[in-house]
Amino acid sequence: MQTFYKVRLMFEWGGGSIWCGNDAALQRFDVGPIEEKLSLSEVTLQELDTLSTWHDKALNWEYPPDPSPWSQAEFKEFEAAALAMRTKLQAELGASFEVIYEPIP
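Basically the numbering used here = 1-based index in the sequence shown + 1.
Right under this line is the structure:
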């Protein structure tokens, strides 16, 4: 029987974008961000880093409880880019993986 890995594309403040989503993934990749542990192209890793940096600009770092400095348009633009990345990740990782995108709350 083939092992099936669920991974979550979920951007965290300050870094990390792909996380384990089931026990099989946890057993293979352990805890914490796992993008460096996956068989991803260097281009995809760079694009993930760019998205992570962009994501971090949604937070007011001087006073995090304040509203985001992003406009609704920028939130929509980011979500579109993240969904495109989910599709790219799914294609690169193949049928043994399910990539689930968890949007910014």
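No residue lacks a Cβ here, since even glycine has one placed at the ideal position from N, Cα and C.
Residue span of the alpha helix (DSSP H) that contains residue i, given as start and end
i	result
PHE98	PHE98 -> not in any alpha helix (DSSP H); beta strand (DSSP E) instead, spanning 98 to 102.
LYS7	Note, LYS7: premise wrong, no alpha helix (DSSP H); beta strand (DSSP E) at 6 to 10.
Bridge partner(s) assigned by DSSP for residue i
i	result
ILE19	LEU10
Beta-carbon proximity list for residue i, same chain, < 6 Å, skipping 5 on both sides
i	result
ILE35	ILE19
SER69	ALA59
Three-state secondary structure (DSSP) of residue i
i	result
LEU60	coil
GLN91	helix
MET86	helix
GLN28	helix
GLN3	coil
TRP55	helix
LEU39	coil
ASP50	helix
Spatial neighbours of residue i in its chain, beta-carbon cut-off 7 Å, leaving aside the 5 residues before and after
i	result
TRP14	ASP57 and LEU60
Close-in-space but distant-in-sequence residues of the same chain around residue i (CB under 8 Å, 5 per side omitted)
i	result
PHE5	ASN23, ALA25, SER97, PHE98 and GLU99
Specify whether the region 45 to 62 and the region 84 to 103 touch according to this definition: at least 3 beta carbon pairs, one from each stretch, less than 8 Å apart. yes
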